[in-house]
Amino acid sequence: MYFRTICILSLMAMALAADQPIAIIRQNQDISPDGTFHSKWESANGITFEEEGVLKNRGQKDAEAEEVRGSASWTAPDGTRINVDWLANENGATFQGAHLPTPPPTQPVPVLIQRALDWIVANPEKNRL
Numbered sequence: 001m002y003f004r005t006i007c008i009l010s011l012m013a014m015a016l017a018a019d020q021p022i023a024i025i026r027q028n029q030d031i032s033p034d035g036t037f038h039s040k041w042e043s044a045n046g047i048t049f050e051e052e053g054v055l056k057n058r059g060q061k062d063a064e065a066e067e068v069r070g071s072a073s074w075t076a077p078d079g080t081r082i083n084v085d086w087l088a089n090e091n092g093a094t095f096q097g098a099h100l101p102t103p104p105p106t107q108p109v110p111v112l113i114q115r116a117l118d119w120i121v122a123n124p125e126k127n128r129l
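Sequential numbering from 1 applies to the sequence shown in UniProt numbering.
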């Protein structure tokens, strides 16, 4: 009896805790025949998104490329505000945001190691076949 009651209450709790749809409170889209576009929206839970694109080198068969710039922001579960910006073009995509990991700072090459590398370049090993 208790097992059945606990199961039913657990199922009811899970159903109530299920994600509810989030309303989009603002949305604008402008798509042009020349390949440019602008899109922007904001949801009721504070997520914002904006993106715009342009066609570069229009009419040049091997040089045409879409360039897209955008940004988005939302609140993480711990309450931190997350902001990310991006640029995507023929060279790939780059993302920037304080929450994204970065490589450690580079250290100068120690003097003795640099001296050894210079010696190796100046004195190449002869072919040993």
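Quick reminder that beta carbons are idealized off the backbone N, C-alpha and C, glycines included.
State the start and end residues of the unbroken beta strand (DSSP E) segment that holds residue i.
i           : result
residue 114 : First-last for residue 114: 111-122, but that is the alpha helix (DSSP H), not the beta strand (DSSP E).
residue 82  : 81-89
residue 55  : 48-56
residue 96  : 92-96
Using the three-state DSSP reduction, which class does residue i fall into: helix, strand or coil?
i          : result
residue 32 : coil
residue 22 : coil
residue 38 : strand
Is the Cβ-Cβ distance between residue i and residue j less than 7 Å?
i           : j          : result
residue 57  : residue 64 : yes
residue 80  : residue 87 : no
residue 71  : residue 85 : yes
residue 120 : residue 99 : no
residue 69  : residue 52 : yes
residue 75  : residue 97 : no
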